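Number of protein chains: 2
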Amino acid sequence: MNAVKPLRADARRNREALLAKAREVFDAGGFFDLRFDDFAELAGVGVGTLYRHFPSREALAEAVYHGEIDALCQRARRLAATLPAEEALATFLRGMIDHIDAHQGLARTLATLMTTDSGALAETGQALEQAVTDLVSAAVQDGVVRDDVGAGAVMMALHGIGAAHDRPGWRAEADGVITLVLDGLLRPRSVQAPTRTP
Amino acid sequence: MNAVKPLRADARRNREALLAKAREVFDAGGFFDLRFDDFAELAGVGVGTLYRHFPSREALAEAVYHGEIDALCQRARRLAATLPAEEALATFLRGMIDHIDAHQGLARTLATLMTTDSGALAETGQALEQAVTDLVSAAVQDGVVRDDVGAGAVMMALHGIGAAHDRPGWRAEADGVITLVLDGLLRPRSVQAPTRTP
DNA sequence: GTACGATATGGAGATGACCTCCGTTTGTCA
DNA sequence: TGACAAACGGAGGTCATCTCCATATCGTAC
């Protein structure tokens, strides 16, 4: 599926230059406020080259954080393999906040990844979602976590955290969400019948 | 603060026409995909008039749902007055989903309202957030809900729900989030010390 | 009813971001 | 080194947003 024919030397050089500059701009926090064209100039390549390598701003963002997110997924697998399912899930979710907190722009990138469900862009998002799903499933299998609420709900909560990263008390609130989600998951199923308001 | 001098007759007429057409387009679901200029023509007014009345797409969205959100806030107050705090909170949150589910575009509007924290646009968002805060506070006061997680976390969760409204299994997942949040809130504080990953 | 200042209108066009196209340059391989 | 493919770059097309101001309409005082 991923038959990447080797890039020509100059192509690879430009690609790296773009990624390097992108990381720099991300860390400075201004990535999403920068004109995409200006970014090409900043990186020292033409606009056409920029667009050939990264068809959209989101594609570039994904590329920048692809490694990061891959690492998160691997981390999920490692946790799942070494810790009791419940603890693995908890540790992973708390770690997500740390990661988002540590890197400017990752939050917004995640938010974008989670809404975009079409195209190759979503691939990374899917991987992350799969990782979460696996963690939750394992905990359910263990019997420590209710089975009437799916991993999708957890993803939604993460989504909310990512999308709201510019709120004033972000860190504390994000921790609160995870606490609620985790403690909520530990309860037995359907404490109360899901009341629908009339 | 809100010293609105009465609009001239034609101005009021145009404003109403814009709002009416906006509601119509919202219900059809295409509001956010429509060119803003085209919308002016649809409503039968000039672009300038559109922009004078509603400086941005979001301002118009807010105006359309201002009543709706006001109603939600009132509902929150009514529930708080007539039900035990815990039940009031639960009923309100479940009701939120129903509302979002019922109206195309309300979800996206809420998402926008919740991220935008500057300008008059946020006023409505603030009101909604205040309503949630009050409900949570009352439940905390009653001792039925933990006091170590603030209303901000609940808002974040709602945010996630609103922002993700185009996911396939949205309704079920949204219900799941609320279930987790509610059940999470019912647990005593800090079951486990908030572990920070190293 | 009419005259006049205040208020509102409308739509052509400026603005500015995004993206494409294609003539030129650079790398690769025999 | 020649020839072919791959990649470059940036001028310019496209498109949505928003502004500006000459014109029209309203409300009111006379």
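Line by line, the protein sequences are chains A and B. At position 88 of the first sequence the residue is numbered 88 (full-length UniProt numbering), and the sequence of numbers has no breaks. At position 48 of the second sequence the residue is numbered 48 (full-length UniProt numbering), and the sequence of numbers has no breaks. Using N, Cα and C, we set each Cβ at its ideal position, and we do this for glycine too. None of these values were measured; they are calculated from a predicted model.
(1) Among the candidates B:ASP10, B:GLY46, B:TYR51, B:HIS66, whose CA atom is the shortest distance from the CA of ARG23 of chain B?
(2) Are ALA85 of chain B and GLN126 of chain B touching if we call contact CB-CB under 9 angstroms?
(3) Do ALA17 of chain A and GLY48 of chain A count as a contact pair if the criterion is CB distance below 9 angstroms?
(4) Give a yes or no on whether the minimum CB-CB distance between ARG187 of chain A and chain B is below 9 angstroms.
(5) Sort A:ILE69, A:ASP147, A:ALA76 by Cα distance to ALA122 of chain A and report the nearest one.
(6) Within the continuous alpha helix (DSSP H) that includes LYS21 of chain A, where are the two ends?
(7) From residue 232 of chain A to ALA81 of chain A, what does the alpha carbon distance come to, in whole angstroms?
(8) Any beta carbon from chain B within less than 9 angstroms of ARG196 of chain A's own beta carbon?
(9) Please report the straight-line C-alpha distance between ALA193 of chain A and ALA90 of chain B, rounded to a whole angstrom.
(10) Can you find the residues in the same chain that come closer than 7 angstroms, C-beta to C-beta, to ARG94 of chain A, ignoring five residues on each side of it along the sequence?
(11) Taking the beta carbon of ALA172 of chain A as the centre, do at least 16 other beta carbons fall within 10 Å, making it buried, or is it exposed?
(12) Can you list, in chain order, the residues of its chain with a C-beta nearer than 7 angstroms to that of ALA9 of chain A? Leave out the 5 residues immediately preceding and following it.
(13) Using the beta-carbon of each residue, which ones in chain B are nearer than 8 angstroms to GLU173 of chain A?
(14) Please decide whether VAL191 of chain B counts as near chain A, where near means a Cβ-Cβ distance under 9 angstroms.
(15) Of all the options A:HIS165, A:GLU58, A:ALA153, which has the alpha carbon lying nearest to the alpha carbon of GLY184 of chain A?
(16) Note the first and the last residue of the continuous alpha helix (DSSP H) segment covering GLN126 of chain A.
(17) So with CB distances below 7 angstroms, who are the chain B contacts of THR133 of chain A?
(18) For HIS103 of chain B, which three-state DSSP category applies?
(19) Excluding sequence positions up to five away, which residues of its chain have a Cβ less than 8 angstroms from the Cβ of VAL145 of chain A?
(20) Using a Cβ cut-off of 8 angstroms, pull out every chain B residue sitting near VAL144 of chain A, in sequence order please.
With the given structure in hand:
(1) For the purposes of this step, residue 23 of chain B is taken as residue 23 along the second sequence, with counting starting at 1. It is B:HIS66 whose Cα lies nearest to the Cα of ARG23 of chain B.
(2) Taking the second sequence and counting its residues from 1, one reaches residue 85 of chain B at position 85. Taking the second sequence and counting its residues from 1, one reaches residue 126 of chain B at position 126. Their beta carbons are not under 9 angstroms apart, which means ALA85 of chain B does not touch GLN126 of chain B by this criterion.
(3) Position 48 of the first sequence, counted from the start, is the residue given in the question as residue 48 of chain A. Position 17 of the first sequence, counted from the start, is the residue given in the question as residue 17 of chain A. Going by C-beta atoms, GLY48 of chain A is not nearer than 9 angstroms to ALA17 of chain A.
(4) Position 187 of the first sequence, counting from 1, holds the residue named residue 187 of chain A. Yes - at least one Cβ of chain B is within 9 angstroms of the one on ARG187 of chain A.
(5) As a working note, residue 122 of chain A is residue 122 in the first sequence. For ALA122 of chain A, the nearest C-alpha among the options comes from A:ILE69.
(6) Locating residue 21 of chain A in the first sequence gives position 21, where the first residue counts as 1. Here the alpha helix (DSSP H) through LYS21 of chain A covers 9-28.
(7) Here chain A covers residues 1 to 198 and nothing more, so residue 232 of chain A does not appear.
(8) By 1-based counting over the first sequence, the position of residue 196 of chain A is 196. Interpretation of ARG196 of chain A is limited by its pLDDT of 44, a score under 50 that renders its predicted location unreliable; the figure taken from the coordinates is listed afterwards. True, the Cβ-Cβ gap to chain B drops below 9 angstroms.
(9) Indexing the first sequence from 1 puts residue 193 of chain A at position 193. Indexing the second sequence from 1 puts residue 90 of chain B at position 90. Only weak support is given to the placement of ALA193 of chain A: the predicted model assigns it a pLDDT of 46, under 50, and the value that follows is read from those uncertain coordinates. Cα-Cα distance, rounded: 12 angstroms.
(10) On the first sequence, position 94 is the one that residue 94 of chain A refers to. For ARG94 of chain A, where only same-chain residues beyond five positions count, the Cβ hits under 7 angstroms are ILE178.
(11) In the first sequence, residue 172 of chain A corresponds to position 172, counting from 1. Flag for ALA172 of chain A reads exposed.
(12) Reading the first sequence from its first residue, position 9 is the one you call residue 9 of chain A. Closer than 7 angstroms at the Cβ level, and outside the excluded window around ALA9 of chain A, lies no residue.
(13) Counting from 1 along the first sequence, the entry for residue 173 of chain A is found at position 173. What GLU173 of chain A touches in chain B: GLY150, GLY152, ALA153, MET155, MET156.
(14) Indexing the second sequence from 1 puts residue 191 of chain B at position 191. In this prediction, VAL191 of chain B has a pLDDT of 49, which is less than 50 and means its spatial position is unreliable; nothing more can be read from the coordinates.
(15) If you number the first sequence from 1, residue 184 of chain A lands on position 184. For the residues A:HIS165, A:GLU58, A:ALA153, the minimum Cα distance to GLY184 of chain A belongs to A:ALA153.
(16) Counting from 1 along the first sequence, the entry for residue 126 of chain A is found at position 126. Looking at the DSSP string, the run of the alpha helix (DSSP H) that includes GLN126 of chain A is 122-141.
(17) Numbered from its first residue, the first sequence carries residue 133 of chain A at position 133. Those do not exist, as THR133 of chain A stays about 12 angstroms from chain B at its closest Cβ, beyond 7 angstroms.
(18) By one-based count along the second sequence, residue 103 of chain B stands at place 103. Coil, per DSSP.
(19) Here residue 145 of chain A corresponds to residue number 145 of the first sequence, with the count starting at 1. Correct list, in chain order: ALA85, GLU86, LEU89, VAL136, ALA139, LEU185, LEU186.
(20) Counting from one through the first sequence, the residue named residue 144 of chain A turns up at place 144. The premise fails here: VAL144 of chain A is roughly 13 angstroms from chain B at the closest Cβ pair, so nothing lies under 8 angstroms.
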